[in-house]
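J.: Just so you know, the protein sequences line up as chains A and B, in that order.
Just add 986 to wherever you are in the first sequence, counting from 1, and you've got the numbering used here.
Just add 665 to wherever you are in the second sequence, counting from 1, and you've got the numbering used here.
No residue lacks a Cβ here, since even glycine has one placed at the ideal position from N, Cα and C.
Fair warning: this is a prediction, and the values are worked out from it, not measured in the lab.
Got a structure for you, written out below as structure tokens; questions coming shortly.
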Amino acid sequence: DTAVSQTPKYLVTQMGNDKSIKCEQNLGHDTMYWYKQDSKKFLKIMFSYNNKELIINETVPNRFSPKSPDKAHLNLHINSLELGDSAVYFCASSQEAGGNEQYFGPGTRLTVT
Amino acid sequence: GESVGLHLPTLSVQEGDNSIINCAYSNSASDYFIWYKQESGKGPQFIIDIRSNMDKRQGQRVTVLLNKTVKHLSLQIAATQPGDSAVYFCAEETSGSRLTFGEGTQLTVNP
């Protein structure tokens, strides 16, 4: 019954590796998001897709590439991981883009060593 | 208990007291605001929202006040309970679906 789910919950990897985080929502929402939360709990939008189309692309290194195979899924692939990528990554979804509550997943804690 | 100024990272209250968490937002064009609660190890959870054509909205034990003149948002929690202990974030929708989050306030409820 989980509305927004992410896998994995924890990810520990070495610098230079490539990794992916998967997100799925079963709410029938049109819009999905990726956020990064740093060690000071600051939450910042990274990307947003509406009906599989990219609508928000913040200033994020191009090592980060989102992919939306369908409306219910938004995955995040990260190439050449760096120490500074260590953070908690949250996926979220909303009914439509703009003026709607966003539902967040449980987060993926990424640790780069 | 009340957080004051632009931002107070922590707020400690006694169980049963009312809590007020304050937030200053940056964009006068923002027209949608949300309060989220984040418990340790979990994702942010929606508490209440308000649109810019309103100045007050009430939910169950929570009230959000919006003062557009001074770009200020507050969250009032009545009869605060230990389960309310969490980090609280305000967020403003600046353009399209882009939410800009505040830095968060850690609320601690003492029994």
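#1: Determine which residues share a DSSP beta bridge with A:Met1018 and list them.
#2: Which same chain residues, not among the five before or five after A:Gln1088, have their C-beta less than 6 Å away from its C-beta?
#3: Can you tell me the Cα-Cα spacing of B:Gln771 and B:Gly748, whole angstroms?
#4: At a Cβ threshold of 7 Å, is A:Thr1017 touching chain B?
#5: Looking only at C-alpha atoms, which of B:Asn687, B:Glu768, B:Lys736, B:Phe766 sits nearest to B:Ser717?
#6: Give the residues of chain B in contact with A:Ile1064, contact being defined as C-beta atoms less than 8 Å apart.
#7: Where DSSP assigns a beta bridge to B:Glu757, which residues make up the other side?
#8: Once the 5 residues before and after A:Asn1061 are set aside, which same chain residues still bring their CB inside 8 Å of it?
#9: Near A:Val1074, what residues of its chain come up, given a Cβ to Cβ distance below 6 Å and the 5 sequence neighbours on each side ignored?
#10: Could one say the Cβ of B:Tyr697 lies closer than 7 Å to chain A's Cβ atoms, at least one of them?
#11: Let me confirm a value: B:Phe766 is counted as buried when at least 16 other C-beta atoms fall within 10 Å, else exposed. Which label applies?
#12: Output, in chain order, the set of chain B residues within a Cβ distance shorter than 9 Å of A:Glu1087.
#13: Give me, in chain order, the residues of the same chain whose beta-carbon lies closer than 8 Å to that of B:Val727; leave out the 5 immediate sequence neighbours on both sides.
T.: According to the data block:
#1: Paired residues: A:Tyr1035, A:Ser1079.
#2: Closer than 6 Å at Cβ, skipping near neighbours: Ala1078, Ser1080.
#3: Roughly 13 Å separates the two Cα atoms.
#4: yes
#5: B:Lys736
#6: Going along chain B, no residue has its Cβ under 8 Å from A:Ile1064, so there is no contact; the nearest lies around 19 Å.
#7: B:Phe698, B:Thr765
#8: Ser1006, Ile1007, Lys1008, Cys1009, Pro1052, Lys1053, Ser1054, Pro1055
#9: Gln1023, Gly1093, Arg1095
#10: yes
#11: buried
#12: Within chain B, the residues whose beta carbon sits less than 9 Å from that of A:Glu1087 are Ile699, Phe711, Asp714, listed in sequence order.
#13: Cβ neighbours of B:Val727 beyond the five flanking positions: Trp700, Ile712, Ile713, Leu740, Gln741, Ile742, Ala743.
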